[in-house]
Amino acid sequence: MLGLTQYAFPLVSAVLILTLSLLIPRLRKRHLPYPPGPSRLPIIGNLLNMPSDQPWFTYKKWSDDFGSDIVHVDVMGSHMIVLNSAKGTRELLDKRSSIYSDRPQMAAFNLLGLTEFNHGVFPYGDRWRRMRHIFLSNHHPTSYRSLETRAARRLLRNLLSTPENFVEHLKHMTGQIVLSIGYGIDARPERDPYLTAAKEVVDAIDLASTLEARLLDMIPWLIYLPSWFPGLSIKRKARKSRSFILNTLETPYAVVKAAVASGTASTSIAANMISQLDENSTQEEIWNSKAVPGLLHLVTADTTVSAFHTFTLAMTLYPEAQRKAQAEIDSVTGGSRLPEFSDQDALPYVSAILKEVLRWHPVGPLGVPHRVMQDDVYEGYFIPAGSIIMANVWAILHDPVTFPEPDRFYPERWLSPDAPAFPDHVFGYGRRVCQGRVMAREVVWVGIASVLATFNIAAVDGKVPKETYTSDMISFPEPFVAHITPRSDAAADLISLTAPETT
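Numbering (our numbering), first residue to last: 1 to 503.
This is how it looks when you write it as structure tokens:
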């Protein structure tokens, strides 16, 4: 008994010291202030402050009003932190990615079924790591260049035929690429059923961008209220779309599975993954073979369409940039051929246009939210565990210190020796950086170069379109018209010569 007693005091002391060493830093953190933000009301906090229309503008204004690159809102006890500077995102989402790589449970995505196959919104953990590894193992961006070039040539033919339908042609181009890469299926020139279904899925995903969806994320218990409750019609709409989304995932997969079985499958991600399955494959492995090509088909194409759409708008508003790029292309191709990927180094101004398109109006102005997994401190401010972390990509890429005259479309800014290499904020941060970013850049580059080589883009009857954008998670220019015409008869003939390779 005496032997146990002589160890009791040191043991209790050790436990006490350990407990205090863990507790005191947490108590100190809790005594630190939250980042500044709008005044909160009792119980509901900042519920009435939450913006619904282009929220990135409001978050940037708050940052300016409070003199802080980081702002805080509290909606009924749930915390959201908005980072409005490159410094903040680099420090927290990149350098401290070990605790900032989680995703919040986005209610609308759950209701839509996206969390079943889109590992970009999976919680941080083993399942996400496995899916990331599988995606990267089956994704080889530089090997897709011939497909991307072929799709760009078809885009030119479509523009030559019906230029007024340029938005649909842009959607067809990007849809054709991901359908070919994912499933080895060549999209029909018109009314392709796979691309039509994918468009309906994208329209359904837009539900996740609404204020109602953001409130569901910040007030999780709202999910348990009936869909007739004011503001919760999103539940009914999302559940209606869920079965359609998951069925759309199955349809092209079944076609490829049958082709693999008969030995007639074209090269694709789905065919490669299906061929690796056998009678010992787990249900997770079978599902993953559907999820990886499905992610490309149903989710990724919309971002490149947004970038192309912004490019078209920029060319109508800034014709001088268009003329400079065309002169550069002509100096390389002599007007006798279309640009190729091998010309990239010789076309720095075209590449600068791509970079400026992504900076001027980033496709995802607020990116995809992160979630911090433990209490943290930044610049003397307390960030509680579980907070939703938003990167205001639009504000970062419109910082006048880094980008003078940020609202101006000015590709020359990327040609100076001290310019950033790329506006990589658009592709996310840390361990959650977009894994398809290389392919996305190349698709947009070859499309931009091909169009500039052969077409002029101008305002219709001198009526310059408005520079207005949607408030969706993937933001698009509001509908506008553009006058798209061949640069010359020779350019039209050059497009016609591509017909054999694009049918």
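Here a beta-carbon is modelled for each residue, glycine too, at the ideal position from N, C-alpha and C.
This structure is a prediction, so every number in the text was calculated from the model and none was measured.
Quick check on DSSP: helix, strand or coil for H172? helix
Rounded Cβ spacing between I181 and I286 (contact assumed at less than 8 Å): Not really, about 21 Å apart at Cβ, beyond 8 Å.
Can you tell which of T251, E320, R359, V363 has the C-alpha that lies nearest to the C-alpha of P404? Measuring from the Cα of P404, the nearest candidate turns out to be R359.
Can you name the residues that DSSP bridges to N504? Since the first residue of the chain shown is 1 and the last is 503, residue 504 is not available in this structure.
For S227, which three-state DSSP category applies? S227 sits in coil when the DSSP states are folded into three classes, being neither helix nor strand.
Please determine, among I353, W128, L215, the residue with the shortest C-alpha to C-alpha distance to P230. In terms of CA proximity to P230, L215 leads the group I353, W128, L215.
Opening and closing residue of the beta strand (DSSP E) in which D376 lies: 376-378
Residues of its chain near H483, where Cβ-Cβ distance is below 6 Å and the 5 sequence neighbours each way are ignored: Excluding five sequence positions before and after H483, the CB atoms of its chain that fall closer than 6 Å to its own CB belong to A458, V460, given in chain order.
Could you pull out every unbroken alpha helix (DSSP H) segment of at least 4 residues lying fully inside the stretch 239-316, listed in chain order? 269-275, 283-295
6 Å CB neighbourhood of L497 in its chain, flanking five on each side removed: none
Of all the CB atoms in chain C, is at least one closer than 8 Å to the CB of S488? No chain C is present in this structure, which holds just one protein chain.
Mind listing, in chain order, the continuous beta strand (DSSP E) runs of no fewer than 3 residues lying wholly within the stretch 362-402? 376-378, 381-383, 388-391
Since V332 and V426 are thought to touch, with beta carbons under 8 Å apart, how far apart are those beta carbons, to the nearest angstrom? Rounded, the Cβ-Cβ distance is 27 Å, inconsistent with contact.
Within the same chain, show all residues whose beta-carbon is closer than 6 Å to that of E212, passing over the 5 residues directly before and after it, in chain order. For E212, where only same-chain residues beyond five positions count, the Cβ hits under 6 Å are G231, I234.
Please report the distance separating the alpha-carbon of L16 from that of S101. Per-residue confidence for L16 stands at a pLDDT of 47, beneath the threshold of 50, marking its modelled position as unreliable; the derived number appears in the next sentence. Looking at the two C-alpha atoms, the distance is approximately 32 Å.
Residues in the same chain with beta-carbon distance under 6 Å from F311, minus the five sequence neighbours each way, listed in chain order, please. If we look at F311 and ignore the five residues flanking it on each side, its Cβ neighbours are V357, I448.
Report yes if the C-beta of P141 is less than 7 Å from at least one heavy atom of the ligand ADP; otherwise report no. What this structure holds is no ligand at all, so the ligand ADP is not there to describe.
State the DSSP-derived secondary structure class of Y469, mapped to helix, strand or coil. strand
For L195 and D493, the rounded distance between their alpha carbons: 29 Å
Could you spell out the range, first to last residue, of the alpha helix (DSSP H) harbouring S97? Note, S97: alpha helix (DSSP H), 97-100.
Coarse secondary structure for S78, derived from DSSP in three states: strand
Can you grab the Cα-Cα spacing for the pair R437 / N49, in whole Å? 34 Å
Where do the N-terminal and C-terminal ends of the alpha helix (DSSP H) with T58 fall, by residue? Taken as a continuous stretch (DSSP letters only), the alpha helix (DSSP H) holding T58 covers 55-66.
Quick test of your reading: P35 and L366, contact by CB under 8 Å. State the CB separation rounded to the nearest angstrom. Not really, about 17 Å apart at Cβ, beyond 8 Å.
Contiguous alpha helix (DSSP H) assignments of at least 4 residues, all confined to the stretch 138-197: 145-161, 166-183
Secondary structure of P477, DSSP reduced to three states: Three-state DSSP puts P477 in a strand.
Can you list, in chain order, the residues of its chain with a C-beta nearer than 7 Å to that of D126? Leave out the 5 residues immediately preceding and following it. Within the same chain, no Cβ atom closer than 7 Å to the Cβ of D126 is found once the five residues on either side in sequence are excluded.
Contact between the stretch 251-265 and the stretch 114-133 (3+ Cβ pairs under 8 Å): no
How would you label T454, buried or exposed, when you count the other beta carbons within 10 angstroms and need 16 or more for buried? Under the 10 Å beta carbon count, T454 is surrounded by 16 or more other beta carbons and is classified as buried.
Status (buried if at least 16 other CB within 10 Å, exposed otherwise) for G120: Classification of G120: buried, given that the 10 Å Cβ count is 16 or more.
Burial state of S450 (16 or more Cβ within 10 Å): buried
Determine the closest residue to S488 out of D424, F109, S416, S336, with distance taken between C-alpha atoms. S336
Quick one: Cα of R150 to Cα of V444, how far? Whole-angstrom Cα-Cα distance: 13 Å.
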